[in-house]
Ligand SMILES: Nc1ncnc2c1ncn2[C@@H]1O[C@H](COP(=O)(O)OP(=O)(O)O)[C@@H](O)[C@H]1O
Ligand SMILES: [Mg+2]
């Protein structure tokens, strides 16, 4: 199977406490999976390991069949992975919504007009065009989540790693996100407690339990 991500025998300790004992997992090309598990079992930490914000004590992580060990390795895949953290409050780099969404496009080399047009398109798609010129830190948690998701999706990454994407969203926004995610032909890992959201997105559900990741 062509994979976008492989975890091989991951052992990870946090403050001497083993959080993951031996996790082996493959994410197929364009495969969508959900991860569930009790509070504090390590779901957010597992996504942080995948994006390189934490390092395993043992085992290997492969992105697109290449071993990633350090910052330099991850740098190569910066535009390929879209990571939505559970807490988005430290996600933003700019003051206003439109500036934040345009930022990564400008870094990638798009000119101002191109970046603006693309950013407006994604704001329309997520139904938050009215937030264009708002100061991000003055937005509600749910609104911030939608802005962060816009910043991620505008870059069209190959893999999406979404940590509790529906947290703090109203029902209408939830439906919108579900439709968008269903329309995208990408590899995705969704960490969520929201059962109906998950089952409407994928049949492949893993549970993080007793330091292992098990398909249920
Ligand atoms: N910054 C941190 N410092 C110390 N312990 C942490 C930190 N973040 C998370 N933990 C601990 O690591 C464990 C896993 O946390 P987390 O991955 O956030 O779980 P989940 O997302 O499944 O609720 C928990 O026991 C949590 O208390
Ligand atoms: Mg979490």
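Residue numbers (the UniProt record's numbering): 1 to 216. Even glycine gets a Cβ: it sits at the ideal position worked out from N, Cα and C. Quick caveat, the model's predicted, so the values are computed rather than measured.
For residue i, three-class secondary structure by DSSP
i           : result
residue 257 : In the structure as shown, the chain starts at 1 and stops at 216, and residue 257 therefore has no counterpart that could be examined.
residue 216 : coil
residue 113 : helix
residue 26  : strand
residue 108 : coil
residue 95  : coil
residue 21  : strand
Counterpart residues of residue i in DSSP-defined beta bridges
i           : result
residue 67  : 62
residue 102 : Answer is none; residue 102 lacks a bridge partner.
residue 187 : 159
residue 253 : This structure gives no information on residue 253, because the portion of the chain shown stretches from 1 to 216.
residue 205 : 34
residue 83  : 161
residue 199 : None, per the DSSP bridge assignment.
Buried or exposed by the 16-neighbour rule on C-beta atoms within 10 Å, applied to residue i
i           : result
residue 212 : exposed
residue 5   : buried
residue 65  : exposed
residue 138 : exposed
residue 143 : buried
residue 89  : exposed
**Item:** Minimum length 4: unbroken alpha helix (DSSP H) runs contained in the segment 117 to 168
**Value:** 141 to 153
**Item:** Segment contact flag, the segment 186 to 196 with the segment 18 to 35, C-beta cutoff 8 Å, min 3 pairs
**Value:** yes
**Message:** Counting beta carbon pairs with one atom in the segment 121 to 140 and one in the segment 67 to 85, are three or more of them shorter than 8 Å?
**Reply:** no
**Item:** Cβ contact check for the segment 203 to 211 and the segment 168 to 185: 3 or more pairs under 8 Å
**Value:** no
**Message:** Taking 8 Å as the cut-off, does the segment 44 to 60 touch the segment 100 to 112 (at least 3 CB pairs, one atom from each stretch)?
**Reply:** no
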